[in-house]
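I have placed the structure first, in the form of structure tokens, so that the comments after it can refer back to it.
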Amino acid sequence: MPKQRIDWRAVWQLIKPYWVSEEKWKARGLLFVIVALALAAVYLEVLFNTWNREFYNALETKNYKVFTEQLWRFSYLAFTFIAVAIYRIYLTQSLQMRWRMWLTRQYMDRWLQHQAYYRIEQTGTADNPDQRIAEDLNLLTSATLSLTLGLLSSVVTLISFIGILWSVSGPISFMLASQEITIPGYMVWFAIAYAGVGSLVVGWVGWPLVSKNYFRQRFEADFRFGLIRVRENAEAVALYRGETEEAAQLGGRFQRIRDNWWGIMRTTKSLNLVSTFYSQFANIFPFLMAAPRYFSGAITLGGLMQISSAFGQVQGALSWFISAFSDLAEWKASVNRLAGFHAAVDAAHEEREGVLVTANNVGAILIDRLILNVPNGPALTKEQTADIQAGQRILVAGPSGCGKSTLIRAIAGVWPYGAGSIEVPQQWKLLFLPQKSYLPIGTLRAAVAYPASENTYTDLAIKHYFDLCKLSHMKKFLDHSDNWSQRLSPGEQQRLAFVRALLTRPDALFLDEASSALDTETEELVYQLILQELPDAVIVSVAHRESVAKYHKMRWQFVADGIATADAGDDSERSIYTIQHMKPGKA
Numbered sequence: 039m040p041k042q043r044i045d046w047r048a049v050w051q052l053i054k055p056y057w058v059s060e061e062k063w064k065a066r067g068l069l070f071v072i073v074a075l076a077l078a079a080v081y082l083e084v085l086f087n088t089w090n091r092e093f094y095n096a097l098e099t100k101n102y103k104v105f106t107e108q109l110w111r112f113s114y115l116a117f118t119f120i121a122v123a124i125y126r127i128y129l130t131q132s133l134q135m136r137w138r139m140w141l142t143r144q145y146m147d148r149w150l151q152h153q154a155y156y157r158i159e160q161t162g163t164a165d166n167p168d169q170r171i172a173e174d175l176n177l178l179t180s181a182t183l184s185l186t187l188g189l190l191s192s193v194v195t196l197i198s199f200i201g202i203l204w205s206v207s208g209p210i211s212f213m214l215a216s217q218e219i220t221i222p223g224y225m226v227w228f229a230i231a232y233a234g235v236g237s238l239v240v241g242w243v244g245w246p247l248v249s250k251n252y253f254r255q256r257f258e259a260d261f262r263f264g265l266i267r268v269r270e271n272a273e274a275v276a277l278y279r280g281e282t283e284e285a286a287q288l289g290g291r292f293q294r295i296r297d298n299w300w301g302i303m304r305t306t307k308s309l310n311l312v313s314t315f316y317s318q319f320a321n322i323f324p325f326l327m328a329a330p331r332y333f334s335g336a337i338t339l340g341g342l343m344q345i346s347s348a349f350g351q352v353q354g355a356l357s358w359f360i361s362a363f364s365d366l367a368e369w370k371a372s373v374n375r376l377a378g379f380h381a382a383v384d385a386a387h388e389e390r391e392g393v394l395v396t397a398n399n400v401g402a403i404l405i406d407r408l409i410l411n412v413p414n415g416p417a418l419t420k421e422q423t424a425d426i427q428a429g430q431r432i433l434v435a436g437p438s439g440c441g442k443s444t445l446i447r448a449i450a451g452v453w454p455y456g457a458g459s460i461e462v463p464q465q466w467k468l469l470f471l472p473q474k475s476y477l478p479i480g481t482l483r484a485a486v487a488y489p490a491s492e493n494t495y496t497d498l499a500i501k502h503y504f505d506l507c508k509l510s511h512m513k514k515f516l517d518h519s520d521n522w523s524q525r526l527s528p529g530e531q532q533r534l535a536f537v538r539a540l541l542t543r544p545d546a547l548f549l550d551e552a553s554s555a556l557d558t559e560t561e562e563l564v565y566q567l568i569l570q571e572l573p574d575a576v577i578v579s580v581a582h583r584e585s586v587a588k589y590h591k592m593r594w595q596f597v598a599d600g601i602a603t604a605d606a607g608d609d610s611e612r613s614i615y616t617i618q619h620m621k622p623g624k625a
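In this text, residue positions in the sequence shown follow the working numbering: the first is 39, and each later residue adds one.
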């Protein structure tokens, strides 16, 4: 559940960085111009208020000369107001986009640094980071500027018009218990009371929108993610005939959207009932309050219209909370989501305990007293000490779930869960090929070169390795853009990953079930290519097939060596493993 109260310290931590960044002077200058235009708009409203009195007095006295003068005056005031309003909106949108661009770069960089994105997914500390970066940052910048500038305009308007309303409304006297009571500037007190009661009622009715808007964005993101998953795994779903189950899951996710939306509708209906009644009655309220003095002859028609205009400005300024409540509720929900995401990224960056991966100048990968754990769970392995020397070829084998792939992730530096240390030679280039290779959307050339830029390798080199890895039919698609993870078969994707390895020419290559989708003949082909093209490289393979053992000179065998309980509140048990070092041919 989101917090109902606003944590202003968290809000300030989200807002402050941009205004003290390298773009601070441009941002502050642009904000200064926007504030100046907002103040100019308030000043023009004051001039319009005075115009109301002069214009309607001219109508009441049938003074044609003053009438025409006031029409001309209105014309230049209106054109000036239009220009101010247009550029105020234009510059505000410009500042909003600048702020959003800066925040997006910062959040993306921090999310991607040190594999924070990976750790957040492993621990589940923040849901839907894509939605938070794409939508919540947009809402934070737009709503913060809108609400802040709106509040500023309301405060300046209140200061500008409260004196006018006080002077033009004058005092009102009435008898109470045979005693005459006089209230000076009575319309000011009526405006304060009217806005105060309205704000309390609107806040009480609309406060549930904060939590409902929080969950609305979350449920929408979950539903969108489900749709994307079906699209990305279309073939598997079709082969399983899983349409009914997918429809049920998507329907369940949409049901949460629907239920929450009906809650929003009910709250919004009540909120609109109160706010619409409040705004509509505000049109007639100043006339009702000023009518006694007008009909007694104490004020003219022009004075009555000026009172109405000034009352509207004061009451509108005091009603900022009412008019902005829906935006405030959505902004509050966005702040909660971003604060949670910000905290999750910080936690991922500040994680000090666990497996420590550092660089060395020894020329070997050194593993010292390494223990691998599952996230927030028990140990997978007992304490292990080992080394990987230059040119070694190691097969990592063992039952599923014993920690083979986890060991590779730990060496890669993306698995901090556990204890011990791993030292990697600083001068070595490491490459990791997982079972399901990542292929970015774009040209095939870019997919092969990833994570290097697409122009890193020549067409001649790429096509040469395409031929060797049985991908000759793909040479004509080098400059075609596509979603290659959907276009290519699993076997083609794995062969493409081997082309990537041959082009990269790493000092140490880690293959995590990287040939599991290949037939035996093709698997032998790619392993022979690797040994031929990278004769001095370290080769570490995680595999279940014994057919690849002949390409390795050492085996790390995971064997069960005990039982571990997940935690105090969980009765489930799992094996804890140790690693035996042996030759590939030994059992």
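C-beta: ideal position from N, C-alpha, C; glycine also. All figures in this text were calculated on a predicted structure; none of them were measured in a lab.
Where ALA285 falls, given that 16 or more other Cβ within 10 Å makes a residue buried: Mapped onto the sequence shown, residue 285 falls at position 247. Label assigned to ALA285: exposed.
Under 9 Å between C-beta atoms of ASP550 and LEU471: For the purposes of this step, residue 550 is identified with residue 512 of the sequence shown, where counting begins at 1. For the purposes of this step, residue 471 is identified with residue 433 of the sequence shown, where counting begins at 1. Taking 9 Å as the Cβ cut-off, ASP550 and LEU471 qualify as a contacting pair.
Integer Cβ distance of ILE432 from MET592, believed to fall under 8 Å: For the purposes of this step, residue 432 is taken as the residue at position 394 of the sequence shown. For the purposes of this step, residue 592 is taken as the residue at position 554 of the sequence shown. Confirmed, Cβ separation roughly 5 Å.
Where GLY290 falls, given that 16 or more other Cβ within 10 Å makes a residue buried: As a working note, residue 290 is residue 252 in the sequence shown. By the 10 Å Cβ count, GLY290 comes out exposed.
Cα-Cα separation between ASP599 and GLU421, rounded to whole angstroms: Here residue 599 is taken as the residue at index 561 of the sequence shown, counted from 1. Here residue 421 is taken as the residue at index 383 of the sequence shown, counted from 1. Roughly 11 Å separates the two Cα atoms.
Three-state secondary structure (DSSP) of SER475: Taking the sequence shown and counting its residues from 1, one reaches residue 475 at position 437. In this structure, SER475 counts as coil in the three-state DSSP scheme.
Three or more C-beta pairs below 8 Å linking the region 109–127 and the region 65–79: Yes, the region 109–127 touches the region 65–79.
Status (buried if at least 16 other CB within 10 Å, exposed otherwise) for LYS54: On the sequence shown, residue 54 is found 16 positions in, with the first residue counted as 1. With fewer than 16 Cβ atoms within 10 Å of its Cβ, LYS54 is classed as exposed.
Range covered by the alpha helix (DSSP H) that runs through PHE323: For the purposes of this step, residue 323 is taken as residue 285 along the sequence shown, with counting starting at 1. For PHE323, the enclosing alpha helix (DSSP H) has its first and last residue at 281–333.
Close beta carbons around ARG256, own chain, < 7 Å, minus the five adjacent residues each side: Here residue 256 is taken as the residue at index 218 of the sequence shown, counted from 1. These residues qualify, in order along the chain: ASP165, ASN166.
Given ASP406 as reference, the closest of ALA424, GLY244, ILE337 once Cα atoms are compared: For this step, residue 406 is matched to residue 368 along the sequence shown. The alpha carbon of ASP406 has as its nearest neighbour, out of ALA424, GLY244, ILE337, the alpha carbon of ALA424.
Alpha-carbon to alpha-carbon, SER237 and ALA490: Translated into positions along the sequence shown, residue 490 becomes position 452. Translated into positions along the sequence shown, residue 237 becomes position 199. Approximately 57 Å between the Cα atoms of the pair.
For LEU469 and PRO544, believed in contact at Cβ under 8 Å, the rounded distance: As a position in the sequence shown, residue 544 is number 506, starting the count at 1. As a position in the sequence shown, residue 469 is number 431, starting the count at 1. A Cβ-Cβ separation of about 4 Å places PRO544 in contact with LEU469 under the 8 Å criterion.
Residues near LEU264 by beta carbon distance below 6 Å, same chain, minus five either side: Translated into positions along the sequence shown, residue 264 becomes position 226. Inspection of the sequence shows that residue 264 is occupied by Gly rather than by Leu. Counting only residues of its own chain and dropping the five nearest sequence neighbours on each side, GLY264 has a CB closer than 6 Å to the CB of LEU288, ARG291.
Complete beta strand (DSSP E) runs within the region 341–428 (minimum length 3 residues, chain order): Listed in chain order, the beta strand (DSSP E) elements of length 3 or more contained wholly in the region 341–428 are 394–398, 402–410, 422–427.
Paired residues, beta bridge with ASP550 - DSSP: Your numbering for residue 550 matches position 512 in the sequence shown. When beta bridges are read from the DSSP output, ASP550 appears opposite VAL580.
Beta carbon of SER459 nearer than 9 Å to that of VAL393: Translated into positions along the sequence shown, residue 459 becomes position 421. Translated into positions along the sequence shown, residue 393 becomes position 355. Less than 9 Å separates the beta-carbon of SER459 from that of VAL393.
Same chain, Cβ closer than 7 Å to ALA362, five either side skipped, listed in chain order: Walking along the sequence shown from the start, residue 362 turns up at place 324. Take ALA362, set aside five residues on each side of it, and the residues of its chain with a beta-carbon closer than 7 Å to its own are LEU185, GLY188, in chain order.
Under the three-state DSSP convention, the category TRP140 falls into: Reading the sequence shown from its first residue, position 102 is the one you call residue 140. Helix at TRP140.
Three CB pairs or more closer than 8 Å across the region 85–92 and the region 337–349: Three or more beta-carbon pairs drawn from the region 85–92 and the region 337–349 are found closer than 8 Å, and the two stretches are therefore classed as touching.
Inter-stretch contact at 8 Å, needing at least 3 Cβ pairs: the region 366–373 / the region 173–181: Here the region 366–373 makes contact with the region 173–181; the two share three or more CB pairs at distances below 8 Å.
Which of helix, strand or coil DSSP assigns to GLY436: In the sequence shown, the residue the question calls residue 436 occupies position 398. Three-state DSSP puts GLY436 in coil, outside helix and strand.
Presumed contact (8 Å Cβ cut-off) between ARG170 and ARG375, rounded CB distance: Looking up residue 170 in the sequence shown gives position 132. Looking up residue 375 in the sequence shown gives position 337. 6 Å between Cβ atoms; contact.
Segment contact flag, the region 121–137 with the region 57–72, C-beta cutoff 8 Å, min 3 pairs: Touching, yes.
Beta bridge counterpart(s) of ASP174 as assigned by DSSP: Sequence index remark: in the sequence shown, residue 174 carries index 136 (1-based). Under DSSP, ASP174 takes part in no beta bridge, so it has no partner.
Alpha carbon of LEU129 to alpha carbon of ILE72, nearest angstrom: Walking along the sequence shown from the start, residue 129 turns up at place 91. Walking along the sequence shown from the start, residue 72 turns up at place 34. Put simply, the backbone Cα of LEU129 is about 7 Å away from that of ILE72.
The region 498–514 / the region 446–454 touching (three or more Cβ pairs under 8 Å): Contact between the region 498–514 and the region 446–454 is absent, because fewer than three Cβ pairs lie under 8 Å.
Rounded separation between VAL486 and GLU173 - CA only: Here the question's residue 486 lines up with position 448 in the sequence shown. Here the question's residue 173 lines up with position 135 in the sequence shown. Between the C-alpha atoms of VAL486 and GLU173 there is a straight-line separation of about 32 Å.
Helix, strand or coil at TRP57 according to DSSP, with G and I counted as helix: As a position in the sequence shown, residue 57 is number 19, starting the count at 1. In the structure shown, TRP57 sits in a helix (DSSP, three-state: H, G or I).
Cα-Cα separation, SER313 to ILE360: Position 275 of the sequence shown, counted from the start, is the residue given in the question as residue 313. Position 322 of the sequence shown, counted from the start, is the residue given in the question as residue 360. Whole-angstrom Cα-Cα distance: 7 Å.
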